[in-house]
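Beneath this line is the structure, given in structure tokens, with notes to follow.
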Amino acid sequence: MTPPEPSLLLRRFFAVVRDRSSQLAMSDEHEQVTFAELGARVRRVAAALERRGLRGKRLALLLPQGSGWVEAFFGALASGATVVPLSHLHPEAEQRGFIAASRAEALISSRYFAQGEALADALPMHTLEELRLGSRGEPNGAATTEPFPPGNSLAIILYTSGTTGKPKGALIHHDHLGRLTELLSAAWEVNHTDTLLHCLPLHHLHGLGIALLTALTSGASIRMFERFDAARLFSAMERATLFMGVPTMHKLLLNALDDADEDTQATWRHNAAKLRLVTSGSAALPVSVGERWRQLTGSYPLERFGMTEIGVGLTNPLAGPRRPGSVGLPLPGMQIRVVNEHGEDAAPGEPGELWIAGPTVFAGYDGDPGATSASFEGAWFKSGDTAAWEAGGYCKILGRTSVDILKSGGYKLSALELEELLRTHPDIADAAVVGIPDETWGEIAVAGLLLVPHATLDEASLREWAKERVAAYKVPRRALSFDDFPRNPVGKVMKPTLKQWITERLAKPQNPPHLEGP
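Residues -1 to 516, numbered by the numbering used here, are exactly what the sequence shown covers, in order.
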């Protein structure tokens, strides 16, 4: 039997380290690192992890976003370990939940990062500082990472919301990521002349695979920001060519531009015009926002369709026409179907579920063969998104097949997860969460509540309570109390009707922040 090819992702990365050694790979809040320096650091971390017996183990990764994060990530992959990226945006309880669900056996963090130190009792911690230095007597300068892990071995586990409301770990192999970077690099012509502005979270495929890994394995430089900052991004555009964001970021950048003084506006417009490519994903881009960006940069932002489970399946063309509201054409190398309710390929204009097959489609959900089986029809992954073919082979996403998955600010939220959380509040008898369209966020989560008798609750205190239990971006932005929810004969909440009720209530000029029970 022919042995599997070694990791395409690592082969691409180390080819750039070899060929572009003196070029700037990354800059962040603290330092600038060349590809040669980054490659040497990655090899050192990989060797240290191997010597500690962590080859083939699942390693949680929790570090600030920057060159150290990238060093630890590639070092873990090169050692043969599987990475479970955790987010500093999540409260400790959620981080511990992901550690338990993933069955991670160790944590890579920093002795200077309080969130990592807080998890030291959950599993053995290896600090980046220790991995860089090695232990006493360990060689660390000439460490090698070859042979690379096989391309069909597990590289990362990324968590995504499902219709059950429980996070599911998507199993993604080395070559899923390698092929993703290869396809996007070709489609978007990413190369060593590019500089990417990066402020996306690295525990999502958008920030990790589509942005960071595609740029680095194509020889592009990255200017990394720990968090979104409109003024700093506009200033950095003067020396950049690429910006990848979510619709909320694009809208907030425009808001900052509108609020700036005349001289600052002129500078920021000059800088933005230097970007050769602006992409938008993770949610639908409002056409009005896209048109403003066209005025700013000279071209409409490139929209594409991606998911944790499939990478990127469709993209508007780099050089051809980009259609507002469309996710474009099938990415070369990927296969796309729109399947109607009869299980047949839909005619142009006919809505159906978007199915995807190709070399970037994930291996399944960790420890959940039932969910994996339900998500596939043979080699085809069933996305749960409703779509339709348009003229010229372009594809338009019409919305989520399920009303219980919301997209807000580039994040995918589970209404069921939020409802379960809200029901644990002592003043809440029942909860139903729906998504309401919003120009800035795409959708906002709004909670309909049934309060216990005689209870009173205000939205501000409820939001603070929720922020202690889930990430801030998951917390419903509004909450309204009702006497009861619209229900069908078996008692199930009819969410389309509830959404209509909430929309009507929010449109009224007076909406008191205080909620009262019956």
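All C-beta atoms, glycine included, are put in the ideal place defined by N, C-alpha and C.
Cross-strand partners of residue i (DSSP beta bridge)
i    : result
R335 : W353
S107 : T125
D428 : L448
Q30  : S25
D343 : V337
L300 : T277
I442 : I434
T0   : Looking at the DSSP assignment, T0 forms no beta bridge with any residue, so it has no partner.
R177 : BP columns for R177 are empty, so no partner.
T313 : R302, L327
R485 : V491
Residue i - containing alpha helix (DSSP H), residue span
i    : result
R230 : 228 to 234
A270 : 260 to 270
V325 : That residue, V325, is in no alpha helix (DSSP H); it is neither H nor E in DSSP.
I97  : 90 to 100
T495 : 493 to 505
A70  : 65 to 76
V359 : Here V359 belongs to no alpha helix (DSSP H), and DSSP marks it neither H nor E.
S286 : 285 to 295
A213 : 212 to 215
E144 : Premise fails: E144 is in no alpha helix (DSSP H) and is neither H nor E.
A10  : Reading the sequence as shown, one finds Arg at residue 10 and not Ala. Counting along the chain, the alpha helix (DSSP H) containing R10 begins and ends at 6 to 17.
Given residue i as reference, the closest of the options once Cα atoms are compared
i    : options                : result
S297 : G309, P284, R274, G311 : R274
D119 : E128, L126, A104, I426 : A104
S446 : I434, G440, T438       : What sits at residue 446 in the sequence shown is Gly, not Ser. For G446, the nearest C-alpha among the options comes from I434.
F11  : L117, M(-1), A213      : A213
L194 : E236, T358, L75        : E236
W378 : G365, P357, Q21        : P357
G397 : S406, Y409, D383, G390 : D383
L582 : G217, I426, L312, A389 : No information on residue 582 is available, as it lies outside the stretch -1 to 516 that the chain covers here.
P199 : D257, I208, T191       : I208
G288 : L57, H88, L312, G440   : G440
I154 : L419, S20, L240, H201  : H201
G376 : W387, G362, A386       : G362
L211 : Q498, L75, T265, R476  : L75
S233 : N269, E260, L255, M222 : N269
W463 : L312, R50, T422, L59   : T422
I442 : L448, L455, I426, R475 : R475
G309 : E351, L169, L294, A345 : L169
T239 : G331, L411, N189       : N189
A477 : K465, Y471, L404, L460 : L460
K249 : D436, P330, L156       : D436
R503 : L178, V444, P346       : V444
S219 : L22, F360, Q333        : L22
T158 : T306, G54, L252, A79   : T306
Q293 : T313, A271, N314       : A271
Span of the beta strand (DSSP E) around residue i
i    : result
I308 : From DSSP, I308 is part of no beta strand (DSSP E); its letter is neither H nor E.
T191 : Where T191 is concerned, there is no enclosing beta strand (DSSP E), given that its DSSP letter is neither H nor E.
V244 : Neither: V244 is in no beta strand (DSSP E) and is coded neither H nor E.
G167 : 166 to 171
S479 : 476 to 479
V468 : Element bounds for V468: n/a, residue is neither H nor E.
V82  : 80 to 83
R221 : 219 to 222
T158 : 152 to 158
R56  : 56 to 59
Neighbourhood of residue i by C-beta distance below 7 Å, restricted to the same chain and skipping five residues each side
i    : result
Y392 : R321, S324, G326, L327
M247 : F226
A430 : E417, G446, F483, V491, K493, L496
K187 : The sequence as given places Glu at residue 187; Lys does not occur at that position. L316, listed in sequence order.
H88  : A469
A99  : P165, G167
A258 : W266
P145 : P4
Q263 : L255
V501 : The residue asked about is misnamed: residue 501 is Thr in this sequence, not Val. Result list for T501: I434, in chain order.
G176 : S5, L6, L7, R10, G149
8 Å CB neighbourhood of residue i in its chain, flanking five on each side removed
i    : result
L126 : V43, L61, G66, E69, A70, I106, S107, S108
E90  : Q113, A116, L117
S20  : T32, F33, A34
H204 : L198, M242, V244, G279, S280, G304, G408
K506 : none
Contact set for residue i: own chain, Cβ-Cβ below 6 Å, skip 5 residues either direction
i    : result
W353 : R335, V337, W378, K380
T277 : M242, L300
A58  : V82, L84, I97, A102, L105
- Secondary structure, alpha helix (DSSP H): runs of 4+ residues fully inside the region 371 to 440: Taken in chain order, the complete alpha helix (DSSP H) segments of 4 residues or longer contained in the region 371 to 440 are 413 to 420.
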